[in-house]
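Residues 0 to 381 (numbering that gives the first Met the number 0) are what the sequence shown spells out, left to right.
To start, the structure under review is shown below, and the notes come after it.
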Amino acid sequence: MSRVGILGGGQLARMMALAGAPLGARFRILDSAADACAGEVAPLTRADFTDLEALGRFAEGVDVVTFDFENVPAESAHWLSKRLPVFPSPHALAVSQDRLAEKNTFVELGIGTPLFAAVSSRAELDAAADAVGLPAVLKTRRLGYDGKGQARLHSRDDLDGAWQALGPGELILESFVPFDAEVSVIAVRSREGQFRAWPLTRNWHADGILSLSLAPWSLGALDAQALAAARRVAERLDYVGTFALELFVCQGRLLANEMAPRVHNSGHWSIEGAVCSQFENHVRAVLGLPLGDTGMRCHSAAMLNWVGQMPDRASALRASDVHWHDYGKEARPLRKLGHATVCAASDAEMIERLCGLGQRLDRAAQCAPLIEALRARLNSPS
Ligand code: AMP
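Following this line, the structure appears as structure tokens:
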């Protein structure tokens, strides 16, 4: 038997435990929230990530530790790594917790990024705006997610307001990328260094939160570049487990936005759409088991995120090849509560399924960008 401890008890830990159970793995969750939703599928220890005494007791009950949350303090991860295997490593976690360290790593690896500059004072913000140009996006270097900790700067007049909203502190200014599409590489690397990636996924955000994903989304010659970039990052960080590399596609170029050192929302489609899901492969990787096939099980898979409110389950399940995931979380505005995955045997079938589902669930507007992209793909000559 293998016992996996997960720091963070959200939906990612929950889906990891659900995917790992058939492998014979047992899971323990550590989270400070009493209602952490992974606690419904695995025993939950309530403790703060900085509580070393609690971490010590937690470590005694497991064989390996992993994360559902990248902002676990790197010192806690480091402390644990002195006692038992921790994957991904505290170093990989530390690099991806800091947008500046992460972007510098991309640059060192020859991976394109938006222009960026570090900002730690109001004067530096002026200098950064000169260097990077406007429009731009000011972000906190740490702890930002789902568009939180970000401000758009359109003109010089916005600098004071953005600094007041996000400063003082360690920030980064990035040029605003007028992207044609957002894509992610979801990939996994084993303890022995074996690397596998799922087919490229296209993503659509609403209010800075992922709304829709579609896989596969080929960018032709850029596919190999995207995969090679993910591989270089994984090798540089000696990464073990599943991770995501988020990329902008802009005028035929790929620009790396960020990496997530964990299973990722844009890979949820792989539960039903791929031979082996991102969750199962993550568990395989951290346990030192052989990795599973990351190929598609169907022609294409679309994921619709349910944010703020769950739609009607029964209406969705009347359709064929629609898969429901309710994380069991209390509804709150802008909170990720669940998702649905739709599999299809062709683009035409996917369009038909999404049109029907969007209407029945009153989510036609949410589905629209994905349907539009599929229609364009269907009508394109290649
Ligand atoms: P992030 O938290 O960095 O992943 O940002 C959330 C979302 O904001 C991204 O998925 C993009 O849709 C948008 N965004 C972030 N950075 C930029 C940028 N430099 N240019 C354009 N859009 C951005």
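Note that CB positions come from ideal geometry on N, CA and C, so glycine has one too.
Check	Outcome
Stretch pair the stretch 164-171 + the stretch 137-152: three plus CB contacts closer than 8 Å	yes
Through-space distance from arginine 151 to alanine 117, alpha-carbon basis	16 Å
Valine 184 vs histidine 281 beta-carbon contact at 8 Å	no
Cβ-based burial, glutamine 308 [other Cβ within 10 Å; buried from 16]	exposed
Contacts around alanine 126, its chain only, beta-carbon distance under 8 Å, and the 5 residues preceding and following it disregarded	Ala116
Neighbourhood of serine 1 by C-beta, 6 Å cutoff - its chain only, sequence neighbours within 5 removed	Ala24, Asp62 and Leu286
In chain order, each alpha helix (DSSP H) run of at least 4 residues that lies wholly inside the stretch 109-166	121-131 and 157-165
Sub-8 Å separation of arginine 235 and threonine 49 beta-carbons	no
Residues that aspartate 325 bridges to, as DSSP identifies them	Gly337
Boundaries (first-last residue) of the beta strand (DSSP E) holding arginine 13	Where arginine 13 is concerned, there is no enclosing beta strand (DSSP E), although the alpha helix (DSSP H) it sits in stretches over 10-19.
Cutoff 8 Å; reference proline 72; Cβ partners in own chain excluding five residues on either side	Phe48 and Thr49
Cross-strand partners of asparagine 392 (DSSP beta bridge)	This structure gives no information on residue 392, because the portion of the chain shown stretches from 0 to 381.
CA-to-CA distance, alanine 243 to proline 368, given in whole angstroms	22 Å
Contact test: proline 368 Cβ vs ligand 1 heavy atom, cutoff 7 Å	no
Counterpart residues of threonine 104 in DSSP-defined beta bridges	Threonine 104 is not bridged to any residue.
Proximity of leucine 114 and valine 131 at Cβ, strictly below 8 Å	yes
Whole-number beta carbon distance between leucine 213 and alanine 315, since they are thought to touch under 8 Å	Going by Cβ atoms, the distance from alanine 315 to leucine 213 rounds to 18 Å, so no, they are not a contact pair.
Whole-angstrom C-beta distance between glycine 272 and cysteine 297, which should lie under 8 Å	6 Å
Rounded distance between the beta-carbons of leucine 218 and valine 182, thought under 8 Å	7 Å
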